[in-house]
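For reference, the structure is listed below as structure tokens.
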Amino acid sequence: IEKKLKIGDKVLVYTNPQPKNRIGYVRDYYIYNDKKEECVKGSSFWCLVSFSKRTFVRPSFDYQGEFVDKKAYENDFERLKPFAVSQNPKYVCKILNTHIDKNGHTNNINYADFIINGLDEIPNIEEFEIKFVSETLKDDTLCIGYEKQDNIIYACGEKDNKTSFIAKITTR
């Protein structure tokens, strides 16, 4: 997040697909204000899942358009490591109907809400990274723990003592 936007601001959104890798696709996105100043940039990794087997499927589709050389981030993301949560979670939430997407699992954006809801206050966020490990479904209980190191907050979510996600929030 480079510059904050306000409700009602006009924005331009651009997305750039990257070539597929072994198990998925990276798509970078940029949000500009009406002065064409970059306000937000991000990168998401998309992979295919067999809903019947609940396993990853190697992608076969190749994008037919041209790729853009620009990448949102020069370096790869840090390998986030899970940590024990279930014995002493700071925040516990139940997955409700409103958290579920049309695919029957928790919509990804809800994890950011769960993480922020468990903090004492909303931090001034510079970067927010989430690594999804396993899905959560309606009526699951998610236990979240936090570790702070300088201007970084790590969050780890567990369902039934197994890691569901790991997150890293870099603050200003």
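Take 4 as the starting number for the sequence shown in this note's numbering and just add one per residue.
Virtual Cβ for every residue (Gly too), placed ideally from N, Cα, C.
Beta-carbon contacts of residue i that lie in its chain and below 8 angstroms, excluding the five residues immediately before and after
{"i": "E138", "result": "R57, H108, T109 and S167"}
{"i": "K39", "result": "L15"}
{"i": "R25", "result": "R61"}
Own chain partners of residue i with C-beta closer than 6 angstroms, once the 5 adjacent residues on each side are dropped
{"i": "K134", "result": "L83 and I169"}
{"i": "S89", "result": "C146, E161 and N164"}
{"i": "D37", "result": "K13"}
Where residue i sits in the DSSP three-state scheme
{"i": "Y66", "result": "coil"}
{"i": "T58", "result": "strand"}
{"i": "S46", "result": "strand"}
{"i": "R25", "result": "coil"}
{"i": "I155", "result": "strand"}
{"i": "N19", "result": "strand"}
{"i": "L145", "result": "strand"}
{"i": "N78", "result": "coil"}
{"i": "V71", "result": "coil"}
{"i": "T174", "result": "strand"}
{"i": "V216", "result": "The chain is shown from 4 up to 175; residue 216 falls before or after that span and cannot be answered."}
{"i": "D31", "result": "strand"}
Alpha-carbon to alpha-carbon, residue j and residue i
{"i": "V43", "j": "S63", "result": "31 angstroms"}
{"i": "K74", "j": "E161", "result": "32 angstroms"}
{"i": "I3", "j": "K6", "result": "Outside the shown range of the chain, which is 4 to 175, sits residue 3, and nothing can be said about it."}
{"i": "K141", "j": "I98", "result": "5 angstroms"}
{"i": "Y32", "j": "F48", "result": "11 angstroms"}
Beta-bridge pairing of residue i - partner residues as DSSP gives them
{"i": "T166", "result": "E161"}
{"i": "L51", "result": "V60"}
Beta strand (DSSP E) runs wholly inside the stretch 80–133, at least 3 long, in chain order = Qualifying beta strand (DSSP E) stretches, in chain order: 94–97.
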